[in-house]
Each structure stands twice: as C-alpha cells, then as structure tokens.
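*Asks:* Dumping the structure here so I can ask a few things about it.
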Amino acid sequence: MAWVSLCELGVLVEGRGKYVEIEGYQLAVFLDGGEAYVIDNRCPHAGGSLAVGDVEDGRAVCRWHQWAFGLKSGELKGRPLVRIRTYRTRLLDRAGKTVLVQAELPTY
Ligand code: FES
C-alpha cells in the first residue's frame, strides 16, 4: 500500500465527483460535508462513471440507473452485499502550498 496524491483539494466541488486515473486505477474523488472520499469510478451495474454523478445522503449516485453507493462503506443502497471498493483517504497539508487529496492504493 502506498499513499498517492490524486488532486488538489481546491479543485473538488462539494457534492460532485472528480475522475482521476492514476497508476492503473480509475477513481472517483468526492467532497462531501468537507470530507474527501475516494471510490472506484466504475459502477458495477453496467459500467457507468460514478465521478460524473452527484452525492446524495452520503452516497455517490450513478447517473445511468441511479444506483447509490455509500462513500464510506461502498455499499449499494438497499443491497449492502453489492459494493464498490473504497480507499483510505487523507489530506496532505504542505505548509504554504496547496492541500493535496491522497488515497492509499494497493501496490502490486
Ligand atoms: S451503470 Fe450505474 S446504475 Fe446502471
């Protein structure tokens, strides 16, 4: 596992997603309630991009058919056995520079 910088905190918009492709991962980064979250971007239903969806009640909602995944748990609303991968996330405050959003990604 390694902490990887994904984007500057300042580019995130509350309740919206941002797509980030890095080190072979396709990720959706969200800002919800001032907290950053990172989940897999690909919706397991039919491959929609979760990063282009919005956040409702702490869930990323896929625009294609409205499946909603918890930003913390990755669980599908109403069907918790269906889940997407979530990643530990942290903010890197670099003393006078922009704050970075980082995720802990597995290294293979
Ligand atoms: S592709 Fe995401 S809900 Fe259908």
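Heads up: the sequence shown begins at 6 in the numbering used here, then just goes up one per residue. The beta-carbon is built from N, C-alpha and C at its ideal position, and this holds for glycine as well. Model, not experiment: these values are computed from the prediction.
Could you tell me if residue 113 is buried or exposed, where buried requires 16 or more neighbouring beta carbons within 10 angstroms of its beta carbon?
*Replies:* Answer is exposed; the Cβ neighbour count stays below 16.
*Asks:* Taking the alpha carbon of residue 19 as the reference point, which residue from 52, 109 and 34 has its own alpha carbon closest?
*Replies:* The option with the nearest alpha carbon to residue 19 is 34.
*Asks:* Beta-carbon separation of residue 80 and residue 88 under 7 Å?
*Replies:* Closer than 7 Å, so yes.
*Asks:* Using a threshold of 7 Å, state whether the C-beta atoms of residue 36 and residue 17 are closer than that.
*Replies:* A contact, by the Cβ cut-off of 7 Å.
*Asks:* Between which residues of its own chain and residue 10 is the CB-CB distance below 6 Å, once the five residues before and five after are set aside?
*Replies:* Within the same chain, residue 10 has close Cβ partners 105 and 107.
*Asks:* Can you give the Cα-Cα distance for residue 91 and residue 7, rounded to whole angstroms?
*Replies:* Cα-Cα distance, rounded: 15 Å.
*Asks:* May I ask you to report which of helix, strand or coil DSSP gives residue 17?
*Replies:* Residue 17 falls in the coil class under three-state DSSP.
*Asks:* Can you tell which of 50, 96, 75 and 72 has its C-alpha closest to the C-alpha of residue 39?
*Replies:* Answer by Cα proximity: 96.
*Asks:* Looking at ligand 1, does it come within less than 6 Å of residue 7, judged from the CB to the closest heavy atom?
*Replies:* No, ligand 1 has no heavy atom inside 6 Å of this Cβ.
*Asks:* If we require 3 or more residues per run, which beta strand (DSSP E) segments fall completely within the stretch 18-42?
*Replies:* If we require 3 residues or more, the beta strand (DSSP E) runs fully inside the stretch 18-42 come out as 22-27 and 30-37.
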